[in-house]
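Chemist: Before I ask anything, here is the structure I am working with.
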Amino acid sequence: MITVKIKASLKKAQLWDFFNCNEDIYQNLPLFYLSQLDGEIHGAYFTHSDSDCLELFLKCSIGMVYKINYKVPGENDIPIKLELQTASADDIKEYSNSLKLGLPYYLRYKDSLDGPFFLSKKSNLKNLKVYLQEKKIYIIKKNQKIQIVLNQNIAV
Numbered sequence: 046m047i048t049v050k051i052k053a054s055l056k057k058a059q060l061w062d063f064f065n066c067n068e069d070i071y072q073n074l075p076l077f078y079l080s081q082l083d084g085e086i087h088g089a090y091f092t093h094s095d096s097d098c099l100e101l102f103l104k105c106s107i108g109m110v111y112k113i114n115y116k117v118p119g120e121n122d123i124p125i126k127l128e129l130q131t132a133s134a135d136d137i138k139e140y141s142n143s144l145k146l147g148l149p150y151y152l153r154y155k156d157s158l159d160g161p162f163f164l165s166k167k168s169n170l171k172n173l174k175v176y177l178q179e180k181k182i183y184i185i186k187k188n189q190k191i192q193i194v195l196n197q198n199i200a201v
């Protein structure tokens with residue numbers, strides 16, 4: 046498994062970041078938590094249909110849940126180094142062999158990464174298979190201790 050670090054930013058999550066208009070939780074949304082034990086931010090933890098919505102609601106209401114800001118970093122965002130890892134077929138598919146819809150991924154071309162892209166029903170399966178074989182797909186690494194960037198210039 047190859048890992049790389051990219052510049053990114055986290056912002057405090059709001060309840061509407063987790064739930065769609067049908068009040069279903071978004072699937073495969075990477076979240077990060079502020080630990081009460083060590084004061085560090087840990088993640089990524091990915092939401093799924095069995096996610097504990099009450100725990101998520103409580104942690105979010107006291108500002109302990111963060112999500113990646115994929116847009117231009119805001120004034121209150123936390124600049125970080127986000128670790129990515131090469132993906133395997135198991136990383137991007139569910140137990141039923143369907144894609145993990147909504148899962149963010151990046152594509153590596155020589156010395157650069159492009160993305161994020163998100164798995165959807167319209168994702169080209171033939172291309173994904175080739176990218177997996179060539180080890181070009183990178184996903185957010187789970188269970189990492191987030192490294193905060195002290196230099197606030199986090200242009201991505």
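Each number in our numbering comes from the position in the sequence shown (counting from 1) with 45 added on.
Glycine included, each C-beta is placed from N, C-alpha and C at the ideal position.
None of the values given here were measured: they were computed from a predicted structure.
Along the chain, where does the beta strand (DSSP E) containing D136 start, and where does it finish?
Modeler: Run containing D136: none in the beta strand (DSSP E); it sits in the alpha helix (DSSP H), 134-137.
Chemist: Within 10 angstroms of its Cβ, does F102 collect 16 or more other Cβ (buried), or is it exposed?
Modeler: A residue is called buried when at least 16 other Cβ atoms come within 10 angstroms of its Cβ; F102 does not meet this threshold and is exposed.
Chemist: Does the Cβ-Cβ distance between E128 and Q81 come in under 8 Å?
Modeler: Contact: no.
Chemist: Could you check where the beta strand (DSSP E) with Y78 kicks off and where it finishes?
Modeler: 75-79
Chemist: Would you kindly report the start and end of the unbroken alpha helix (DSSP H) that includes E100?
Modeler: Bounds of the alpha helix (DSSP H) holding E100 are 98-106.
Chemist: Using the three-state DSSP reduction, which class does L164 fall into: helix, strand or coil?
Modeler: coil
Chemist: Please name the residue, chosen from K116, I123, I125, K187, that lies closest to F162 on a Cα-to-Cα basis.
Modeler: Among K116, I123, I125, K187, the Cα nearest to that of F162 belongs to K116.
Chemist: Measure the Cβ-Cβ separation of L170 and G147 and say whether it is below 8 Å.
Modeler: For L170 and G147, no; Cβs fall outside 8 Å.
Chemist: Using DSSP with H/G/I as helix, E/B as strand and the rest coil, what is V201?
Modeler: Because the pLDDT at V201 is just 44, under 50, the model does not fix this residue reliably, and the point stays unresolved.
Chemist: Grab the span of the beta strand (DSSP E) containing Q130 for me, first residue to last.
Modeler: 123-131
Chemist: Check each candidate in E68, C105, L177 and name the one with the smallest Cα separation from Y78.
Modeler: C105
Chemist: Sorted by chain position, which residues of the same chain lie with C-beta nearer than 6 Å to E85's C-beta, five sequence neighbours on each side aside?
Modeler: K190
Chemist: Could you give the distance in angstroms between the alpha-carbon of L152 and the alpha-carbon of G160?
Modeler: 6 Å
Chemist: Go through its chain and collect everything with a Cβ distance to A132's Cβ below 6 Å, but skip five positions before and after it.
Modeler: I182, I184
Chemist: How long is the line joining the alpha carbons of I125 and D62, rounded to whole angstroms?
Modeler: 20 Å
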